[in-house]
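Sequence lines, in order, name chains A and B. Letter 45 of the first sequence, counting from 1, is numbered 1244 in our numbering, and no numbers are missing. Letter 20 of the second sequence, counting from 1, is numbered 1219 in our numbering, and no numbers are missing. Following: one structure in structure tokens, then a few remarks.
2 protein chains.
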Amino acid sequence: MNSDKEKMLEERIDFLRTMCKLKGMRVTPQRIEIYKQVANSCEHPDAETVYEAVKEKMPNVSVDTVYRTLASLEDMDMIFRVDNQLPKARFDADKTPHHHFLCVKCNEVYDIFLESDEKIELPKNAERFGEIKDINVQIRGICNKCLQEQKNKQN
Amino acid sequence: MNSDKEKMLEERIDFLRTMCKLKGMRVTPQRIEIYKQVANSCEHPDAETVYEAVKEKMPNVSVDTVYRTLASLEDMDMIFRVDNQLPKARFDADKTPHHHFLCVKCNEVYDIFLESDEKIELPKNAERFGEIKDINVQIRGICNKCLQEQKNKQN
DNA sequence: TCCTTAATAAGAATGATTATTATTTAGTTT
DNA sequence: AAACTAAATAATAATCATTCTTATTAAGGA
């Protein structure tokens, strides 16, 4: 039962080890486990969710470690912060270029992958302001599930 | 000295009055003043900045009123929250379609206006997820001012 | 194995935002 | 124009995500 998914996760963790060494950072079990949780989830978890999941395996882990580690993983571009205009930050470990659909009703975050020929153009004027690091496209609306629930209520 | 800018601000406040009545909301001096502050600024102020500015004219205004009013102005699409991945929310009353350049060094927010022939395309798959309300393009990087400062330090 | 120092756990502190409650007032009705 | 009523407000307490402090632990090199 060593599925493709598990094999891929192992590869990603190896990459984390490499990156840590490269940046002179220690490879701690907390770092591994916290990264695992984000990398293995499609739910764009927030810090608290990660904390709860990690606590299952490491009951003594502290909230602070989770926040600190998420921040350092972000610094080394291993994970990204999903822009959600909400008080809780949410994280994503998927490095394939994609954007997000954010439901304003239920706050669910959906991944929008671009088709192979597709590319979001930068505004022509963007470069005038400085050196661009990344572009973040957030599409807000009401997701199908919530639209359906609205309809059901009306009947 | 009744400049164009002042005239335009008056028009916008009239629009606010109309919108409030339309939505059955009361037109209070606090609402007018808070909206004025956001509408009259190009700085994408945060709640505290708005609060300080409003306090000049209305010394008894409360923080809570500022937060509550900013939220209701947002609900009625009179102002928008600028996505900045920072703890303090910042607001923008400019309804002409534009995006933002956010400096990761100094947290300054710059407006990126599209040229007349320009339009940011939605990802083809975006509509699959639900009903789209708005699209938010945030470009993060280091602004010219901070780049310059970096150069100066190196010498 | 020892040593150095980065990383951690625990819990206190911070800071932005929101809730509570008594009071005021906008806008309507008399 | 006075009275009414619910929405909005001021004041302050509370909340909640996140960060800081400090003593302790452990990763990785010597």
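We treat Cβ as the ideally placed atom computed from N, Cα and C, and that holds for glycine.
Pick from the options that is closest to residue i, judged by C-alpha positions
i, options, result
"residue 1292 of chain B", "B/1352, B/1275, B/1286", "B/1275"
"residue 1299 of chain A", "B/1215, B/1253, B/1335, B/1222", "B/1335"
"residue 1245 of chain A", "A/1223, A/1322, A/1313, A/1306", "A/1306"
"residue 1287 of chain A", "A/1308, A/1218, A/1318, A/1253", "A/1308"
"residue 1263 of chain B", "B/1230, B/1203, B/1348, B/1352", "B/1230"
"residue 1316 of chain A", "B/1315, B/1322, B/1317", "B/1322"
"residue 1328 of chain B", "A/1279, A/1324, A/1342", "A/1342"
"residue 1194 of chain A", "A/1228, A/1333, A/1224, A/1311", "Outside the displayed range of chain A (1200 to 1354) lies residue 1194 of chain A, so it cannot be described from this structure."
"residue 1290 of chain B", "B/1207, B/1280, B/1239", "B/1280"
"residue 1294 of chain B", "B/1239, B/1261, B/1348", "B/1239"
"residue 1259 of chain A", "A/1283, A/1304, A/1282, A/1232", "A/1232"
"residue 1324 of chain A", "B/1311, B/1218, B/1324, B/1330", "B/1311"
Delimiting residues of the alpha helix (DSSP H) encompassing residue i
i, result
"residue 1284 of chain A", "First-last for residue 1284 of chain A: undefined, no H or E at that position."
"residue 1225 of chain A", "Residue 1225 of chain A -> no alpha helix (DSSP H), and no H or E assigned at all."
"residue 1218 of chain B", "1203-1221"
Residues bridged to residue i (per DSSP)
i, result
"residue 1245 of chain B", "B/1289"
Sub-8 Å separation of residue i and residue j beta-carbons
i, j, result
"residue 1237 of chain A", "residue 1253 of chain A", "no"
"residue 1249 of chain A", "residue 1269 of chain A", "yes"
"residue 1319 of chain A", "residue 1319 of chain B", "yes"
"residue 1302 of chain B", "residue 1345 of chain B", "yes"
"residue 1313 of chain A", "residue 1297 of chain A", "yes"
"residue 1222 of chain A", "residue 1340 of chain B", "no"
"residue 1216 of chain B", "residue 1226 of chain B", "yes"
"residue 1277 of chain A", "residue 1234 of chain A", "yes"
"residue 1203 of chain B", "residue 1282 of chain A", "no"
Residue i beta carbon near the ligand FMN (any heavy atom closer than 7 Å)
i, result
"residue 1288 of chain A", "Among the components modelled here there is no ligand, and therefore nothing to report on the ligand FMN."
Starting from the N-terminal side, write out each stretch of the alpha helix (DSSP H) that is 4 residues or longer and does not extend beyond the segment 1260-1347 of chain A. 1262-1274
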